[in-house]
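Trainee: Under my numbering, residues 1 to 188 are what the sequence shown spells out, in order. Virtual Cβ for every residue (Gly too), placed ideally from N, Cα, C. Nothing here was measured: the structure is a model prediction, and the numbers come from that model.
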Amino acid sequence: MSSEKHKMLSGDWYNPLDKQLSAERLAARKLQQQFNHSVPDDEAQRRQLLKQWLPNTGKHFYAEPPFYCDYGYNIRAGNKVFFNFNCVVLDVAPVNIGNNVFFGPAVQIYTVNHPLDAVKRRTLLEQALPVSIADDVWIGGGAVILPGVSIGAGSVIAAGSVVTKDVPSGVLAGGNPCRVLNAIAAAD
1 MSSEKHKMLS GDWYNPLDKQ LSAERLAARK LQQQFNHSVP DDEAQRRQLL KQWLPNTGKH
61 FYAEPPFYCD YGYNIRAGNK VFFNFNCVVL DVAPVNIGNN VFFGPAVQIY TVNHPLDAVK
121 RRTLLEQALP VSIADDVWIG GGAVILPGVS IGAGSVIAAG SVVTKDVPSG VLAGGNPCRV
181 LNAIAAAD
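(1) In three-state terms, what does DSSP make of Asp188?
(2) Mind checking Val119: buried by the 16 CB within 10 Å criterion, or exposed?
(3) In chain order, what are the residue ranges of uninterrupted beta strand (DSSP E) at least 3 long that sit wholly in the stretch 27 to 60?
(4) So, at 6 angstroms on beta carbons, what are the nonlocal neighbours of Lys7 in its own chain, with the 5 sequence-adjacent residues on each side left out?
(5) Using only the alpha-carbon positions, how far apart do Ser3 and Ala186 sit?
(6) Out of Arg29, Glu43, Pro16, Val112, which has the shortest C-alpha to C-alpha gap to Phe67?
(7) Would Ala143 and Ile157 qualify as a contact pair, given that the criterion is a beta-carbon distance under 7 angstroms?
(8) Give the straight-line distance between the Cα atoms of Ile151 and Ala159, rounded to the nearest whole angstrom.
(9) Beta carbon of Val92, beta carbon of Ala128: below 7 angstroms?
(10) Taking the alpha carbon of Thr164 as the point to measure from, which residue in Gly175, Asp18, Gly170 has its own alpha carbon closest?
(11) Please look up how many angstroms separate the CB atoms of Val101 and Cys87, rounded, as I've assumed it's under 8 angstroms.
(12) Would you mind giving the Cβ-Cβ distance between Leu50 and Gln34, rounded to the nearest angstrom? I have them listed as a contact below 8 angstroms.
(13) With a floor of 3 residues, list each beta strand (DSSP E) that falls wholly inside the stretch 81 to 109, ordered by position along the chain.
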């Protein structure tokens, strides 16, 4: 029999109230609280808290407090990743972020789904789908990225967009729902 955590990470319907998952979220919340209330000029403490809370992040990973996530260990980020103020990453499934990726303020990344049917929703079961963001992507402030979405290398997501489907590489995309607006010309 699979554990609820295994089901969660496999994309199956799972019970988020499972003891193990609840304990892991609580541990993440404690580190989250310490980070979000840390002294602004104590960079050493902030780096130490981020490495403990988000252990799968590369060099020069930075998040401006407040920053929120469910587990922390499901966020896998490359080098030179920056989250501006008030970002939320519901990392129930893996959130894979490449190198040189920038997030404007109040960006939200969701990996969790709930049943559309109200009767099934009463079971409290959830399902999670991974999100993937390639190298050199810029996500504008207030954008929302939904479960299962991939964003290609070098693309820009306009502020306030709701990304419901995959975005190819090298494009400017925006709107609700987000759609490709035009290709981004290579720098001379």
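Mentor: Concretely, from the data shown:
(1) Per-residue confidence for Asp188 stands at a pLDDT of 47, beneath the threshold of 50, marking its modelled position as unreliable; no derived number is given.
(2) exposed
(3) none
(4) Tyr14
(5) 47 angstroms
(6) Arg29
(7) yes
(8) 15 angstroms
(9) yes
(10) Gly175
(11) With a Cβ gap of about 12 angstroms, Val101 and Cys87 do not count as contacting.
(12) Not confirmed; about 10 angstroms, so no contact.
(13) 81 to 83, 87 to 90, 95 to 97, 101 to 103
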